[in-house]
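In the working numbering, the protein residues as written are 11 to 119.
Okay, structure coming up:
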């Protein structure tokens, strides 16, 4: 499993026509796809790092991304993309709805 601490941002409809139509409630599981720059999508859950009940589009948040589908072979193949300071896209699945920057990460096999 790959756990990423990240700064995330969901686009507003005025910035991106593919943006989400509504803000996100953190009580629901926020499962999206992540593109780290190689156009391969990986599934993961976004967990608010603070006590936010709503993640508003157009605002930056610190969050954790849990990626249960990243196993050892996959991590070896993308590890050069999973580095502090690297950016990624948040997608559903082919629409880009936001972006993020890796603050820190931990991989456990």
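Cβ atoms here follow ideal geometry from the backbone N, Cα and C, with glycine treated the same way.
Note that the structure is a prediction, hence the values are computed from the model and not measured.
Task: DSSP state of residue 20 mapped onto helix, strand, coil - done: It is a strand residue.
Open item on the list: My assumption, with CB atoms under 8 Å, is that residue 8 sits in contact with residue 15. Please give the rounded CB distance.
Closed with: This structure leaves residue 8 out entirely; the chain is present only between 11 and 119.
- [ ] Could you tell me whether the stretch 27-42 touches the stretch 79-95, where touching means 3 or more Cβ pairs closer than 8 Å?
- [x] Under the three-pair Cβ rule at 8 Å, the stretch 27-42 does not count as touching the stretch 79-95.
Task: Within 8 Å, strictly: CB atoms of residue 96 and residue 46 - done: Yes, the Cβ-Cβ distance between residue 96 and residue 46 is below 8 Å.
Task: Exposed unless 16 or more other CB atoms sit within 10 angstroms - verdict on residue 21 - done: A residue is called buried when at least 16 other Cβ atoms come within 10 angstroms of its Cβ; residue 21 meets this threshold and is buried.
TODO: Decide if the stretch 75-84 is in contact with the stretch 45-59; the criterion is three or more beta carbon pairs, one per stretch, under 8 Å apart.
DONE: Put simply, the stretch 75-84 touches the stretch 45-59. At least three CB pairs are less than 8 Å apart.
- [ ] Can you say whether residue 67 is buried or exposed, counting buried as having 16 or more other CB atoms within 10 angstroms of its CB?
- [x] That one is buried.
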